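Chemist:
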Amino acid sequence: MQSSELTLVSRILRYLRDRDQPAIGPLAADMKRWNERRNRVHSRSNEDSVVSDGQWAPDTVDYYSEISDGIIPAFPTCRSNASIPMASSQPTHVSLTPLDHLHRPNYIKICYWIPLLPSVQARDVYTFLGAGLRKTFHQMPWLGGKVHLQSPNTPGWRPGQREIRYEAWAAKGPVPRQLVFKQLDTELSYSDWKDEGFPSDAFPDQELLDVPVEGDMEAGCDIWAAQTSFIPGGLILTMSTCHAAIDGTGMVIAMKAWADCCRSAYDGLAGGAAFPPETYDRSLLDKLWEQEGAPVPADPDTWTKGLVGLEGPEESTDIDAQREGTRTPSTKKAVHKTFYLPASSLATLQKQCDESAQSGTALSISDIITALMWRGSVRARNRVAGDAMALRLQTSNTTFYNQAKLPIASVLDLSVPLSRLASAVRVGAARINSASLNDAYGLLRALPDYETVRPRFRRAQGADMLISNLLVFPVNDIAFGDTLFGNGGKAEALRCYLGRFNDYARCSLVLPRRPGGVEITMNLREDEMEGLEADEEWGRYCLAL
1 MQSSELTLVS
11 RILRYLRDRD
21 QPAIGPLAAD
31 MKRWNERRNR
41 VHSRSNEDSV
51 VSDGQWAPDT
61 VDYYSEISDG
71 IIPAFPTCRS
81 NASIPMASSQ
91 PTHVSLTPLD
101 HLHRPNYIKI
111 CYWIPLLPSV
121 QARDVYTFLG
131 AGLRKTFHQM
141 PWLGGKVHLQ
151 SPNTPGWRPG
161 QREIRYEAWA
171 AKGPVPRQLV
181 FKQLDTELSY
191 SDWKDEGFPS
201 DAFPDQELLD
211 VPVEGDMEAG
221 CDIWAAQTSF
231 IPGGLILTMS
241 TCHAAIDGTG
251 MVIAMKAWAD
261 CCRSAYDGLA
271 GGAAFPPETY
281 DRSLLDKLWE
291 QEGAPVPADP
301 DTWTKGLVGL
311 EGPEESTDID
321 AQREGTRTPS
331 TKKAVHKTFY
341 LPASSLATLQ
351 KQCDESAQSG
361 TALSISDIIT
371 ALMWRGSVRA
381 RNRVAGDAMA
391 LRLQTSNTTF
401 YNQAKLPIAS
411 VLDLSVPLSR
421 LASAVRVGAA
431 RINSASLNDA
441 YGLLRALPDY
451 ETVRPRFRRA
461 QGADMLISNL
471 LVFPVNDIAF
481 GDTLFGNGGK
491 AEALRCYLGR
501 FNDYARCSLV
511 LPRRPGGVEI
521 TMNLREDEME
531 GLEADEEWGR
541 YCLAL
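In full-length UniProt numbering, the protein residues as written are 1 to 545.
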């Protein structure tokens with residue numbers, strides 16, 4: 001992506017800078033660099049298949065203090081913001097943005113494995129974390145709120161419109177109900193699980209945090225949910241957020257805020273500048289879009305529609321027939337497994353792809369990992385589906401979320417170099433620029449009914465899938481301190497779980513980069529997972545944990 005092609009989030013910084021906001025102006029260069037990097041490394045895939053960055057900007061734009069080179073610059077913590085109404089008997093109502101409506105109110109769980117110091121009591125840790133979480137809610141009260149369907153009487157309402165409702169939180173008080181305490185029943189210690197590589201199936205994910213597939217927006221969906229699960233010598237801290245209100249980047253920033261608020265109890269350096277008022281302004285996207293001329297393309301192409309989950313007419317017949325399947329779980333058991341790509345395998349893949357790629361095509365390691373996961377998943381599912389899938393797929397194309405296309409035969413055929421898949425990911429991502437994002441946003445904003453936004457991967461049947469790439473998320477910056485925890489309160493492993501959402505959609509994840517290699521979580525049906533582990537190319541590079 002060229003430096004002149006600023007993403008929408010970068011332009012938020014430009015907008016604020018132009019409005020004489022010196023407190024965040026210095027972040028503009030970091031923001032721009034991060035967004036360019038993000039477009040290189042983030043990839044979501046719909047497999048029939050669609051692979052691109054479905055999170056080209058934060059869903060909520062509550063977070064414009066973006067990440068650069070693995071660091072969250074000038075991240076504000078542990079100080080209340082005078083712009084937030086902190087004393088009100090009535091809940092605050094905030095309409096969600098068009099981009100927030102790209103996602104259902106589902107929950108993805110992230111588990112942080114953190115060692116405890118000897119002789120530390122679990123209840124003391126829980127109380128410590130609870131006090132920090134309350135302080136975080138005091139600082140960002142909407143995190144302690146809920147997502148609701150908006151009342152039709154609200155000005156500007158349309159069908160499917162959602163909103164956040166929240167009240168002020170006092171800085172001190174009991175542990176918020178959104179943090180649950182649990183003592184896990186296990187004979188194995190933290191060090192034992194560490195020796196096993198922190199396997200993703202160490203405990204059922206519902207035991208680590210029990211959240212629904214989707215929240216009930218009539219009753220209200222909690223934006224934040226977390227659980228402290230204690231084992232001998234360690235803590236598995238599991239958290240989740242309602243995806244309709246916050247995206248993956250926001251989850252990391254909120255976790256860092258929580259950790260910093262915990263540390264601020266004994267470390268004055270953990271505090272920082274207050275969040276500027278614009279942090280909570282969900283009208284910023286509209287302002288930026290209007291500043292660029294409020295474009296709504298009259299005849300958008302399929303790729304532009306795909307950026308915001310709107311399907312082209314050529315896709316509607318097959319997909320409309322499967323809409324009921326969006327809410328109907330598969331009858332086959334979904335399983336997940338974490339694989340490890342060692343540094344040596346990454347180097348080999350990079351070398352092979354660089355040698356076989358077309359001249360002038362620069363492939364990132366994220367492009368290559370996405371291509372490997374895409375091919376591995378398609379081949380594993382093809383083993384199970386057999387001739388029926390092969391026949392259907394031979395007459396169609398492999399369509400990425402950014403609408404780069406390849407014949408499905410090329411994905412299945414190991415004689416086709418992996419660089420061809422990676423190049424398709426890269427070419428599509430390169431189309432993302434300021435103009436295309438404004439056009440896509442205009443399409444989404446102009447919808448008369450938000451219920452029509454249904455990305456292709458949200459169905460249990462069919463060949464669609466989602467790959468969410470968390471590779472550059474700076475989880476090592478999340479540190480709860482060394483008063484109760486080992487390793488400075490930093491996680492020694494991170495695991496992601498989709499829980500029962502796996503029964504309704506296909507999703508796999510690239511986990512944040514760790515020293516030495518990359519971890520991948522694959523979610524497939526039981527018989528498909530057997531096919532993946534038996535796959536020649538997959539087994540050559542990936543080790544099951």
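All C-beta atoms, glycine included, are put in the ideal place defined by N, C-alpha and C. Remember, it's a predicted structure, so these values are computed and weren't measured experimentally.
Rank ALA362, ARG454, ALA226, LEU447 by C-alpha distance to the C-alpha of ALA429 and give the top, closest one.
Modeler: Among ALA362, ARG454, ALA226, LEU447, the Cα nearest to that of ALA429 is on ALA362.
Chemist: In the DSSP assignment, what residue or residues form a beta bridge with ASN106?
Modeler: For ASN106, which the question treats as bridged, DSSP gives the partners GLU214.
Chemist: Do ASP477 and VAL425 have their beta-carbon atoms positioned less than 8 Å apart in this structure?
Modeler: No; because the gap between Cβ atoms is not below 8 Å, this pair is not in contact.
Chemist: Between GLY486 and ARG158, what straight-line distance do the alpha-carbon atoms span, to the nearest angstrom?
Modeler: The straight-line gap from Cα to Cα measures roughly 50 Å.
Chemist: Please list the terminal residues of the continuous alpha helix (DSSP H) segment that includes VAL180.
Modeler: Here VAL180 belongs to no alpha helix (DSSP H); instead the beta strand (DSSP E) covers 179 to 183.
Chemist: Leaving out the 5 sequence neighbours to the left and right, which residues in its chain are closer than 6 Å to TYR441 when beta-carbon positions are compared?
Modeler: So the qualifying residues of the chain are TRP289.
Chemist: Along the alpha helix (DSSP H) that carries LEU421, what are the first and last residues, could you check?
Modeler: That run of the alpha helix (DSSP H) goes 418 to 430.
Chemist: Who pairs with TYR450 in a beta bridge, going by DSSP?
Modeler: BP columns for TYR450 are empty, so no partner.
Chemist: Are the beta-carbon atoms of ILE108 and CYS353 separated by less than 8 Å?
Modeler: Cβ distance not < 8 Å, so ILE108 and CYS353 don't count as in contact.
Chemist: Quick one: using the 10 Å Cβ neighbour count with 16 as the cut-off for buried, is TYR266 buried or exposed?
Modeler: Exposed, because fewer than 16 other Cβ atoms sit within 10 Å of the Cβ of TYR266.
Chemist: Spatial neighbours of LEU184 within its chain, please: C-beta separation below 6 Å, excluding the five flanking residues on both sides.
Modeler: Cβ neighbours of LEU184 beyond the five flanking positions: SER229, ILE231.
Chemist: Grab the span of the alpha helix (DSSP H) containing CYS262 for me, first residue to last.
Modeler: 248 to 263 is the span of the alpha helix (DSSP H), which, as asked, contains CYS262.
Chemist: Using only the alpha-carbon positions, how far apart do LEU284 and GLU214 sit?
Modeler: If I take the Cα positions, the gap works out to 27 Å.
Chemist: So, helix, strand or coil for ASP527, using DSSP?
Modeler: Of the three classes helix, strand and coil, the one that applies to ASP527 here is helix, per DSSP.
Chemist: Could you check the C-alpha separation between SER359 and ALA422 for me, to the nearest Å?
Modeler: Their Cα atoms are separated by approximately 14 Å.
Chemist: State the beta-bridge partners of PHE339 as determined by DSSP.
Modeler: Bridge partners of PHE339: ILE520, ALA544.
Chemist: How would you write the range of the beta strand (DSSP E) that VAL94 sits in, first residue to last?
Modeler: That run of the beta strand (DSSP E) goes 92 to 95.
Chemist: So, is ASN153 buried or exposed, given that buried needs 16 or more other C-beta atoms within 10 angstroms?
Modeler: Per the 10 Å Cβ criterion, exposed.
Chemist: For the region 142 to 189, list the beta strand (DSSP E) runs that are entirely contained and at least 3 residues long, ordered along the chain.
Modeler: Runs found: 146 to 149, 162 to 166, 179 to 183.
Chemist: Apart from the five residues on each side of it in sequence, which residues of its chain come closer than 7 Å, Cβ to Cβ, to SER356?
Modeler: So the list reads PRO417, SER419, once near-sequence residues are dropped.
Chemist: Among LEU96, ARG123, ASP260, LEU341, which one has its Cα closest to the Cα of PHE137?
Modeler: Nearest of LEU96, ARG123, ASP260, LEU341 to PHE137, Cα basis: ASP260.
Chemist: Distance check for ASP201 and CYS542, CA to CA, integer angstroms please.
Modeler: Roughly 17 Å between the two C-alpha positions.
Chemist: State the CB to CB distance for the pair GLY220 and LYS146, rounded to an integer number of angstroms; the pair is presumed to be in contact (CB under 8 Å).
Modeler: Their Cβ separation, rounded to whole angstroms, is 4 Å, which keeps GLY220 and LYS146 in contact under 8 Å.
Chemist: Is ARG123 buried or exposed, if buried means 16 or more other CB atoms sit within 10 Å of its CB?
Modeler: Looking at its Cβ environment, which holds fewer than 16 other Cβ atoms inside 10 Å, ARG123 is exposed.
Chemist: Can you pull the DSSP bridge partners for GLY234?
Modeler: Partner(s): PRO115, ILE231.
Chemist: So, using beta-carbon positions, are ALA225 and ASP100 closer together than 8 Å?
Modeler: Cβ distance not < 8 Å, so ALA225 and ASP100 don't count as in contact.
Chemist: So GLY233 packs on SER189, CB below 8 Å; how close in whole Å?
Modeler: At roughly 5 Å, the Cβ-Cβ gap stays under 8 Å, so GLY233 and SER189 are in contact.
Chemist: Measure the alpha-carbon distance for ALA170 versus PHE198 and round it to whole angstroms.
Modeler: Taking the straight line joining both Cα atoms gives about 37 Å.
Chemist: Within this structure, are the beta carbons of LEU511 and PHE128 separated by less than 8 Å?
Modeler: No, they are not a contact pair.
Chemist: Using DSSP's beta-bridge definition, name the partner residues of TYR497.
Modeler: Beta-bridge pairing links TYR497 to LYS109.
Chemist: If we ignore side chains and look at the alpha-carbon of each, how far apart do LYS332 and LEU524 end up?
Modeler: Between LYS332 and LEU524, the C-alpha separation is close to 10 Å.
Chemist: Look at the alpha carbon of VAL411 and the alpha carbon of ILE467, and state the distance between them as a whole number of angstroms.
Modeler: If you take the alpha carbons of VAL411 and ILE467, they lie about 16 Å apart.
Chemist: If PRO91 sits next to GLU167, beta carbons under 8 Å apart, how far is it from one beta carbon to the other, in whole angstroms?
Modeler: Contact holds; Cβ gap of about 5 Å.
Chemist: What's the gap between the Cα of ASN469 and the Cα of CYS242?
Modeler: Each residue's alpha carbon lies about 18 Å from the other.
Chemist: Give a yes or no on whether the C-beta atoms belonging to MET522 and PHE339 are separated by under 8 Å.
Modeler: Cβ atoms of MET522 and PHE339: closer than 8 Å.
Chemist: Apply the 10 Å Cβ neighbour rule to GLU163 and answer buried if 16 or more other Cβ atoms are within range, or exposed otherwise.
Modeler: Buried.
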